[in-house]
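Accompanying notes for the structure given below.
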Amino acid sequence: MPPGTKSVTRSFAATDDIQDVARTLCAEPVRAISEVRRGGNSRIFRVETRAARYALKKYPPADNRNRLEAEVNALRFMERKGIGRTPKVAAVSPERRFALLTWLDGEAVDTVTDGDVAEFAAFQIALDDSMDACARSEIGEASEACLSGPRIISQIERRYTGLASVKHDVPEFTPFFDDVLVPSLDRFVARAREAYRRLGLDFAQDFEVNFVKILRHAVRVPAG
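In the working numbering, the protein residues as written are 49 to 272.
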(Lines of atoms letter the chains of each structure in order from A and count residues from 1; the text may use other names and numbers.)
(Lines give C-alpha, C1' and ligand atoms only; values in the text may rest on other atoms or scores of the structure.)
Protein backbone atom coordinates (compact mmCIF):
# COMPACT_ATOMS: atom_id res chain seq x y z
CA MET A 1 0.00 0.00 0.00
CA PRO A 2 1.15 3.60 -0.40
CA PRO A 3 3.43 4.75 2.46
CA GLY A 4 1.65 6.67 5.18
CA THR A 5 -1.63 4.82 4.77
CA LYS A 6 -3.27 4.62 8.18
CA SER A 7 -5.97 2.16 7.25
CA VAL A 8 -6.98 0.18 4.23
CA THR A 9 -10.54 -0.74 3.45
CA ARG A 10 -11.57 -4.12 2.14
CA SER A 11 -10.83 -4.24 -1.58
CA PHE A 12 -13.74 -3.42 -3.86
CA ALA A 13 -14.09 -4.08 -7.54
CA ALA A 14 -13.65 -0.99 -9.68
CA THR A 15 -16.62 0.48 -11.50
CA ASP A 16 -16.71 0.85 -15.27
CA ASP A 17 -15.54 4.49 -15.25
CA ILE A 18 -12.53 3.62 -13.07
CA GLN A 19 -11.63 0.74 -15.37
CA ASP A 20 -11.89 3.05 -18.37
CA VAL A 21 -9.53 5.62 -16.81
CA ALA A 22 -7.04 2.94 -15.80
CA ARG A 23 -6.95 1.46 -19.28
CA THR A 24 -6.55 4.91 -20.80
CA LEU A 25 -3.63 5.89 -18.56
CA CYS A 26 -1.75 2.59 -18.51
CA ALA A 27 0.76 1.94 -21.29
CA GLU A 28 -0.08 -1.77 -21.38
CA PRO A 29 -3.22 -3.92 -20.87
CA VAL A 30 -4.72 -3.86 -17.37
CA ARG A 31 -5.14 -7.24 -15.69
CA ALA A 32 -6.84 -6.28 -12.42
CA ILE A 33 -8.15 -3.23 -10.55
CA SER A 34 -9.26 -3.05 -6.92
CA GLU A 35 -9.99 -0.22 -4.53
CA VAL A 36 -7.68 -0.22 -1.53
CA ARG A 37 -8.50 3.04 0.18
CA ARG A 38 -11.39 5.47 0.27
CA GLY A 39 -10.66 8.72 2.07
CA GLY A 40 -12.51 11.95 2.63
CA ASN A 41 -10.67 13.70 -0.18
CA SER A 42 -9.59 10.94 -2.53
CA ARG A 43 -9.84 7.29 -3.54
CA ILE A 44 -6.97 4.94 -4.37
CA PHE A 45 -7.07 1.87 -6.60
CA ARG A 46 -4.41 -0.76 -7.17
CA VAL A 47 -3.93 -1.38 -10.89
CA GLU A 48 -2.04 -4.45 -12.05
CA THR A 49 -0.56 -5.07 -15.48
CA ARG A 50 1.68 -7.88 -16.71
CA ALA A 51 4.86 -5.98 -15.86
CA ALA A 52 3.97 -3.61 -13.02
CA ARG A 53 1.55 -2.38 -10.35
CA TYR A 54 0.28 1.17 -10.04
CA ALA A 55 -1.72 3.34 -7.67
CA LEU A 56 -4.56 5.10 -9.47
CA LYS A 57 -5.63 8.10 -7.42
CA LYS A 58 -8.95 9.85 -7.92
CA TYR A 59 -8.90 13.45 -6.70
CA PRO A 60 -11.85 15.55 -5.54
CA PRO A 61 -13.04 18.56 -7.54
CA ALA A 62 -10.79 21.60 -7.10
CA ASP A 63 -11.78 23.74 -4.11
CA ASN A 64 -9.52 26.56 -2.96
CA ARG A 65 -6.56 24.84 -4.63
CA ASN A 66 -5.96 22.24 -7.31
CA ARG A 67 -4.92 19.21 -5.24
CA LEU A 68 -4.10 17.04 -8.25
CA GLU A 69 -1.86 19.67 -9.82
CA ALA A 70 -0.11 20.43 -6.53
CA GLU A 71 0.60 16.77 -5.74
CA VAL A 72 1.72 15.90 -9.26
CA ASN A 73 4.06 18.91 -9.28
CA ALA A 74 5.46 17.89 -5.90
CA LEU A 75 6.09 14.29 -6.97
CA ARG A 76 7.74 15.38 -10.21
CA PHE A 77 9.90 17.83 -8.28
CA MET A 78 11.08 15.08 -5.90
CA GLU A 79 11.81 12.76 -8.81
CA ARG A 80 13.70 15.52 -10.63
CA LYS A 81 15.81 16.21 -7.54
CA GLY A 82 16.47 12.52 -6.94
CA ILE A 83 15.03 12.57 -3.44
CA GLY A 84 13.48 9.11 -3.78
CA ARG A 85 11.14 7.42 -1.28
CA THR A 86 8.13 8.67 -3.23
CA PRO A 87 6.08 7.28 -6.12
CA LYS A 88 6.68 8.54 -9.63
CA VAL A 89 3.99 10.02 -11.85
CA ALA A 90 3.24 7.62 -14.69
CA ALA A 91 0.32 9.48 -16.28
CA VAL A 92 -2.24 12.17 -15.48
CA SER A 93 -5.79 12.92 -16.59
CA PRO A 94 -6.45 16.50 -15.37
CA GLU A 95 -9.90 16.72 -16.95
CA ARG A 96 -11.07 13.55 -15.16
CA ARG A 97 -8.99 14.28 -12.04
CA PHE A 98 -6.92 11.10 -11.94
CA ALA A 99 -3.20 10.40 -11.55
CA LEU A 100 -1.48 7.08 -12.18
CA LEU A 101 1.49 6.59 -9.85
CA THR A 102 4.08 3.85 -9.51
CA TRP A 103 3.20 1.50 -6.65
CA LEU A 104 5.28 1.42 -3.47
CA ASP A 105 4.88 -1.51 -1.09
CA GLY A 106 4.67 -0.64 2.58
CA GLU A 107 2.61 -0.95 5.71
CA ALA A 108 1.07 1.31 8.30
CA VAL A 109 3.36 2.35 11.16
CA ASP A 110 1.91 1.14 14.48
CA THR A 111 4.92 1.82 16.70
CA VAL A 112 7.34 4.62 15.85
CA THR A 113 10.99 3.68 16.32
CA ASP A 114 14.17 5.76 16.37
CA GLY A 115 14.88 4.42 12.89
CA ASP A 116 11.52 5.72 11.65
CA VAL A 117 12.27 9.17 13.07
CA ALA A 118 15.75 9.19 11.53
CA GLU A 119 14.36 8.18 8.14
CA PHE A 120 11.72 10.92 8.31
CA ALA A 121 14.36 13.46 9.33
CA ALA A 122 16.58 12.49 6.40
CA PHE A 123 13.65 12.84 4.01
CA GLN A 124 12.65 16.25 5.39
CA ILE A 125 16.23 17.51 5.26
CA ALA A 126 16.58 16.29 1.67
CA LEU A 127 13.45 18.26 0.80
CA ASP A 128 14.79 21.36 2.50
CA ASP A 129 18.11 21.10 0.66
CA SER A 130 16.32 20.70 -2.69
CA MET A 131 13.67 23.41 -2.41
CA ASP A 132 14.09 26.45 -4.62
CA ALA A 133 11.94 29.40 -5.68
CA CYS A 134 10.62 27.51 -8.72
CA ALA A 135 9.47 24.56 -6.60
CA ARG A 136 7.78 26.81 -4.04
CA SER A 137 5.90 28.57 -6.82
CA GLU A 138 4.82 25.34 -8.54
CA ILE A 139 3.79 23.42 -5.44
CA GLY A 140 2.59 26.12 -3.05
CA GLU A 141 1.25 25.58 0.44
CA ALA A 142 -1.21 22.95 1.61
CA SER A 143 -4.89 23.89 1.78
CA GLU A 144 -4.73 24.70 5.49
CA ALA A 145 -1.01 25.11 5.99
CA CYS A 146 0.02 25.97 9.53
CA LEU A 147 3.61 27.08 9.24
CA SER A 148 4.13 28.95 12.48
CA GLY A 149 2.90 28.95 16.06
CA PRO A 150 0.38 31.76 15.55
CA ARG A 151 -1.00 30.13 12.39
CA ILE A 152 -1.46 26.83 14.20
CA ILE A 153 -3.31 28.58 17.02
CA SER A 154 -5.48 30.46 14.52
CA GLN A 155 -6.41 27.19 12.80
CA ILE A 156 -7.38 25.56 16.11
CA GLU A 157 -9.37 28.60 17.18
CA ARG A 158 -11.37 28.48 13.95
CA ARG A 159 -12.22 24.87 14.69
CA TYR A 160 -13.20 25.85 18.23
CA THR A 161 -15.47 28.57 16.85
CA GLY A 162 -17.23 25.97 14.72
CA LEU A 163 -17.70 23.69 17.72
CA ALA A 164 -18.96 26.58 19.86
CA SER A 165 -21.68 27.35 17.31
CA VAL A 166 -23.15 23.85 17.64
CA LYS A 167 -22.23 22.83 21.17
CA HIS A 168 -25.77 23.35 22.47
CA ASP A 169 -27.09 20.80 19.98
CA VAL A 170 -25.60 18.11 22.22
CA PRO A 171 -26.19 19.11 25.87
CA GLU A 172 -23.59 16.65 27.19
CA PHE A 173 -20.94 18.26 25.02
CA THR A 174 -21.39 21.81 26.36
CA PRO A 175 -19.69 21.35 29.75
CA PHE A 176 -16.87 19.35 28.15
CA PHE A 177 -16.27 22.11 25.62
CA ASP A 178 -16.44 24.94 28.16
CA ASP A 179 -14.64 23.29 31.07
CA VAL A 180 -12.12 21.03 29.34
CA LEU A 181 -11.46 21.92 25.70
CA VAL A 182 -11.28 25.71 26.00
CA PRO A 183 -9.03 25.83 29.10
CA SER A 184 -6.78 23.08 27.70
CA LEU A 185 -5.99 25.16 24.64
CA ASP A 186 -4.56 27.94 26.77
CA ARG A 187 -2.42 25.44 28.68
CA PHE A 188 -1.08 23.79 25.54
CA VAL A 189 -0.27 27.15 23.94
CA ALA A 190 1.65 28.18 27.06
CA ARG A 191 3.59 24.89 26.99
CA ALA A 192 4.37 25.30 23.31
CA ARG A 193 5.68 28.82 23.79
CA GLU A 194 7.87 27.63 26.66
CA ALA A 195 9.21 24.71 24.59
CA TYR A 196 10.11 27.10 21.76
CA ARG A 197 11.85 29.40 24.25
CA ARG A 198 13.92 26.53 25.70
CA LEU A 199 15.01 25.51 22.21
CA GLY A 200 15.96 29.04 21.30
CA LEU A 201 13.32 29.22 18.55
CA ASP A 202 10.97 31.99 17.49
CA PHE A 203 7.34 31.01 18.08
CA ALA A 204 6.19 33.40 15.34
CA GLN A 205 8.72 32.24 12.75
CA ASP A 206 7.70 29.94 9.91
CA PHE A 207 7.61 26.35 11.09
CA GLU A 208 9.78 25.17 8.19
CA VAL A 209 12.79 27.13 9.38
CA ASN A 210 12.46 26.01 13.01
CA PHE A 211 11.56 22.43 12.15
CA VAL A 212 14.48 21.76 9.85
CA LYS A 213 16.82 23.45 12.33
CA ILE A 214 15.69 20.98 15.00
CA LEU A 215 16.03 18.01 12.66
CA ARG A 216 19.55 18.97 11.62
CA HIS A 217 20.55 19.31 15.25
CA ALA A 218 18.96 15.96 16.18
CA VAL A 219 20.65 13.97 13.41
CA ARG A 220 23.77 16.16 13.20
CA VAL A 221 23.35 16.98 9.51
CA PRO A 222 25.04 20.23 8.39
CA ALA A 223 23.10 22.77 6.35
CA GLY A 224 23.45 22.35 2.60
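Note that beta-carbon positions come from the ideal geometry of N, C-alpha and C, so glycine has one too.
DSSP three-state assignment for residue i, whether helix, strand or coil
i: Met98; result: Before going on, a small fix: residue 98 reads as Arg here, not Met. Three-state result, Arg98: coil.
i: Lys129; result: coil
i: Thr209; result: helix
i: Ala139; result: strand
i: Leu148; result: strand
i: Glu242; result: helix
i: Ser82; result: strand
i: Ala40; result: The question about residue 40 has no answer, for the chain in this structure spans 49 to 272.
i: Leu175; result: helix
i: Leu104; result: strand
i: Thr57; result: With a pLDDT of 41 at Thr57, under the threshold of 50, the modelled position of this residue cannot be trusted, and the question is left open.
Burial state of residue i (16 or more Cβ within 10 Å)
i: Leu149; result: buried
i: Arg115; result: buried
i: Glu143; result: exposed
i: Lys105; result: buried
i: Phe146; result: buried
i: Val120; result: buried
i: Arg85; result: buried
i: Glu83; result: buried
i: Leu73; result: buried
i: Ser55; result: Since pLDDT at Ser55 reaches only 39, below the 50 mark, its modelled position is unreliable, and no value is offered.
i: Ala275; result: It is not possible to answer for residue 275, since the shown part of the chain is limited to 49 through 272.
Rounded distance between the beta-carbons of residue j and residue i, thought under 8 Å
i: Tyr107; j: Ser90; result: 6 Å
i: Arg41; j: Phe251; result: Given a span of 49 to 272 for the chain in the structure shown, any question on residue 41 remains unanswerable.
Do three or more CB pairs link the segment 88 to 99 to the segment 124 to 143 at distances below 8 Å?
no
Below 8 Å, how does it come out for the segment 205 to 217 and the segment 229 to 243: are there three or more Cβ pairs, yes or no?
yes
Does the segment 162 to 177 touch the segment 130 to 139, meaning 3 or more C-beta pairs lie closer than 8 Å?
yes
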